[in-house]
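Report on the following structure.
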Amino acid sequence: MDAAVGLPDAWSQVRAPLIVPLLRLAVAVCLLMSVLLFLERLYMGVVIIGVKLLRRTPERRYKCDPLSEDDDPELGSAAFPVVLVQIPMFNEREVYHLSIGAVCGLSWPSDRLVVQVLDDSTDPVIKEMVRMECERWAHKGINITYQIREDRKGYKAGALKQGMKHGYVRECEYMVIFDADFQPDPDFLHRTIPYLYHNPDIALVQARWRFVNADECLMTRMQEMSLDYHFKVEQEVSSSVCAFFGFNGTAGVWRISAVNEAGGWNDRTTVEDMDLAIRASLKGWKFVYLGDVQVKSELPSTFKAFRFQQHRWSCGPANLFRKMLLEIVTNKKVTIWKKFHVIYNFFLVRKIVAHIVTFTFYCIVIPATIFVPEVHIPKWGCIYIPSIITLLNSVGTPRSFHLLFFWILFENVMSLHRTKATLIGLLEAGRVNEWVVTEKLGNVLKMKSSNKGSAKKSFMRMWERLNVPELGVSAFLFSCGWYDLAFGGKDNFFIYLFFQSIAFFVVGIGYVGTIVPQS
9 MDAAVGLPDA
19 WSQVRAPLIV
29 PLLRLAVAVC
39 LLMSVLLFLE
49 RLYMGVVIIG
59 VKLLRRTPER
69 RYKCDPLSED
79 DDPELGSAAF
89 PVVLVQIPMF
99 NEREVYHLSI
109 GAVCGLSWPS
119 DRLVVQVLDD
129 STDPVIKEMV
139 RMECERWAHK
149 GINITYQIRE
159 DRKGYKAGAL
169 KQGMKHGYVR
179 ECEYMVIFDA
189 DFQPDPDFLH
199 RTIPYLYHNP
209 DIALVQARWR
219 FVNADECLMT
229 RMQEMSLDYH
239 FKVEQEVSSS
249 VCAFFGFNGT
259 AGVWRISAVN
269 EAGGWNDRTT
279 VEDMDLAIRA
289 SLKGWKFVYL
299 GDVQVKSELP
309 STFKAFRFQQ
319 HRWSCGPANL
329 FRKMLLEIVT
339 NKKVTIWKKF
349 HVIYNFFLVR
359 KIVAHIVTFT
369 FYCIVIPATI
379 FVPEVHIPKW
389 GCIYIPSIIT
399 LLNSVGTPRS
409 FHLLFFWILF
419 ENVMSLHRTK
429 ATLIGLLEAG
439 RVNEWVVTEK
449 LGNVLKMKSS
459 NKGSAKKSFM
469 RMWERLNVPE
479 LGVSAFLFSC
489 GWYDLAFGGK
499 DNFFIYLFFQ
509 SIAFFVVGIG
519 YVGTIVPQS
């Protein structure tokens, strides 16, 4: 009884001198981060409008005349540069044939195309399947090689680096990378290589991703909304303003001399693609983004695969920022404007602030103010700015505008994992170098769903789908919402808190994404 009486007394004693000032500080910091994110989104919105109005397309800014044997009949196919295509993969049972088949179908002189399948698979059955697929295309006259390693040191970066060590690579001028689920159109090289061929200061040409399974479930629609904004706005703006952006790791063409000058592939983080792009940019190389060139790919449709992917995409950049900040600041080859863009726009706001403010403000600070009414959050900070940011984010995928409400709730849920991963990367702790290959399902769902008996037998048990962190946050938000409703909170935060609590709960019990029956 004494303990029950003493708890309110203890709360009242620490509330005014400690809790209120700390919470006010947290609100101020979150409002500052929200303003930074708002200004970044507004800046990109203004720039992308200017780019569209002024028609600052890559075709108008760079020479990109198509290559043809007709330019010099005597040279024939020798008029085309030798291109190396690398396809790194790891246990890609469902999709390995897609990328190999698409790459082998590229419209390019066969004697000027070299294909490497870099297989790090640990499953001997899958390795044999991939090897046989490579042999099948080799018998058709394609210059394709199947390569394996003794270990997976360096993961994807290690495989790509190993592939570059072969003597025949010295004859190649450009290299293209496609992950196992990517399927380029036959004219991909004809639409990208001319930018590198005619402009010796360009190191990278990046194509846009197009998602073949965006309509598979609500979670894939949410991913499409986020990634479309990234490609249609972020990449477009960065390419137009300062000819720099982060390489997306696949569906891009590199000038091999630029890669070598930048120091080649480095496996110090889980974002070897971003690492290489920044080092090449600091050497003075330019990048071009081609939004009209689209490559088909697959979105992770299970929550587990998506969560691991987001951990890598959030942890890696934060860790790379920690490792490269001093190198960027002291670089002598690029302008102060470009340094500012890389440090502030690219890293600080997009890779760190955006993740941290989403979770801390909307899932911790705002709910906490329910118990401390002395701390007030202005409407412009908790309603107007977030609404404008959300509307600006929606321009990438107009067809999904009606899903904005669900997108907000889902992004807030995922911010739990992104914030955790960002802090791990900044502090270089725990799972900082964890690399889990994103699971690709290809047509596996269609094949398994056709066998209803098998699906019913192997239905995943409830406890195997539970996500405890999400359930914990759900309980916290529900408690805050109930308190706000019961004691008449003047800002009516309980409406948002109940909806957000439901979103965390749904994810917590595993009813998000595609549930794949296990054989």
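Heads up: the sequence shown runs through residues 9 to 527, numbered per my numbering.
Here a beta-carbon is modelled for each residue, glycine too, at the ideal position from N, C-alpha and C.
For a test of the three-state rule: what should DSSP assign to residue i, helix, strand or coil?
| i | result |
| --- | --- |
| L431 | helix |
| T368 | helix |
| W262 | strand |
| I286 | helix |
| D300 | strand |
| G521 | strand |
| P96 | strand |
| K294 | strand |
| V342 | coil |
| V357 | helix |
| V445 | coil |
Taking 8 Å as the limit between beta carbons, can you name the residues of its chain near residue i, skipping five residues before and five after?
| i | result |
| --- | --- |
| V365 | C38, M41, S42 and L45 |
| K148 | C112 |
| S305 | D187, D189, F190, Q191, W217, R218, F219, V220, T258 and A259 |
| L411 | L226, R229, M230 and M233 |
| V357 | L44, L45 and E48 |
| V337 | K347 and I351 |
How big is the Cα-Cα spacing for residue i and residue j?
| i | j | result |
| --- | --- | --- |
| N459 | Y370 | Only weak support exists for where N459 lies, its pLDDT of 46 falling under 50; the coordinates are left without a value. |
| V261 | P202 | 11 Å |
| L50 | V123 | 42 Å |
| E244 | G299 | 7 Å |
| P477 | H319 | 15 Å |
| K454 | A222 | Below a pLDDT of 50, predicted positions are generally treated as unreliable, and K454, at 49, falls in that range; the measurement from the model is reported next regardless. Using only the alpha carbons, I get a separation of about 15 Å. |
| D159 | P132 | 14 Å |
| F379 | D492 | 8 Å |
| I517 | L226 | 16 Å |
| V383 | T368 | 16 Å |
| C250 | I57 | 16 Å |
| M422 | K173 | 39 Å |
| Q302 | S107 | 14 Å |
| W321 | H363 | 11 Å |
| Y154 | N339 | 39 Å |
| Q508 | S395 | 16 Å |
| P375 | G489 | 8 Å |
| P96 | F506 | 44 Å |
| P381 | L30 | 14 Å |
| V514 | N441 | 29 Å |
| G497 | N420 | 22 Å |
| P16 | V28 | 16 Å |
| L334 | W345 | 16 Å |
| F196 | P74 | 12 Å |
Can you name, in chain order, every residue of its own chain whose Cβ lies under 7 Å from the Cβ of residue i, other than the five neighbours on each side?
| i | result |
| --- | --- |
| F255 | L212, Q214, D281, M282, L284 and A285 |
| K169 | G162, G272 and W273 |
| K71 | H206 and N207 |
| K291 | E269, A270 and K341 |
CB-CB under 6 Å to residue i, same chain, minus the five flanking residues each way: which ones, in chain order?
| i | result |
| --- | --- |
| T446 | P308, A313 and Q317 |
| G166 | D275 |
| W443 | Y163 and T278 |
| K294 | D209, I210 and A251 |
| I156 | D127 |
| T427 | H363, I364 and F367 |
| V511 | Position check: residue 511 holds Ala in this sequence, whereas Val was assumed. L417 and V421, listed in sequence order. |
Within 10 angstroms of its Cβ, does residue i collect 16 or more other Cβ (buried), or is it exposed?
| i | result |
| --- | --- |
| P208 | exposed |
| L33 | exposed |
| Y504 | buried |
| M140 | exposed |
| A18 | exposed |
| T343 | exposed |
| N500 | exposed |
| G175 | exposed |
| Q94 | buried |
| N268 | exposed |
| S115 | exposed |
| G84 | exposed |
| H20 | Sequence check: residue 20 is Ser here, not His. The residue in question, S20, is exposed, as its Cβ has fewer than 16 Cβ neighbours within 10 Å. |
| K464 | Residue placement at K464 is flagged as unreliable, the pLDDT there being 45, under the threshold of 50; the coordinate-derived value follows with that caveat. So K464 ends up on the exposed side. |
| T200 | buried |
Measuring only from the beta carbon, is residue i closer than 7 Å to any heavy atom that is part of the ligand NAP?
| i | result |
| --- | --- |
| L485 | Of the ligands one can find in the structure shown there are none, so the ligand NAP has no counterpart to examine. |
Flag residue i as yes if its beta-carbon sits less than 8 Å from any beta-carbon of chain D, otherwise no.
| i | result |
| --- | --- |
| S76 | Absent from the structure is chain D; it holds one protein chain and no more. |
Check: Whole alpha helix (DSSP H) runs in the stretch 203-251 with 4 or more residues, listed along the chain?
Finding: If we require 4 residues or more, the alpha helix (DSSP H) runs fully inside the stretch 203-251 come out as 226-237 and 244-250.
Next item on the list: Could you tell me which uninterrupted alpha helix (DSSP H) segments, each at least 4 residues in length, are contained entirely in the stretch 103-147, listed from first to last along the chain?
Entry: Taking only runs of at least 4 residues, the alpha helix (DSSP H) segments lying wholly in the stretch 103-147 are 104-112 and 132-146.
Checklist line | Minimum length 4: unbroken alpha helix (DSSP H) runs contained in the stretch 9-61 | finding: DSSP runs (the alpha helix (DSSP H)) wholly in the stretch 9-61: 10-22.
Margin query: List, from N- to C-terminal side, the alpha helix (DSSP H) runs of 4 residues or more that fit wholly inside the stretch 370-427.
Written below: Note on the stretch 370-427: whole alpha helix (DSSP H) runs with a minimum of 4 residues are 393-401, in chain order.
Next item on the list: Pick out the complete alpha helix (DSSP H) segments inside the stretch 141-202, 4 residues or longer, and give them in chain order.
Entry: Here the runs fully enclosed are 163-171.
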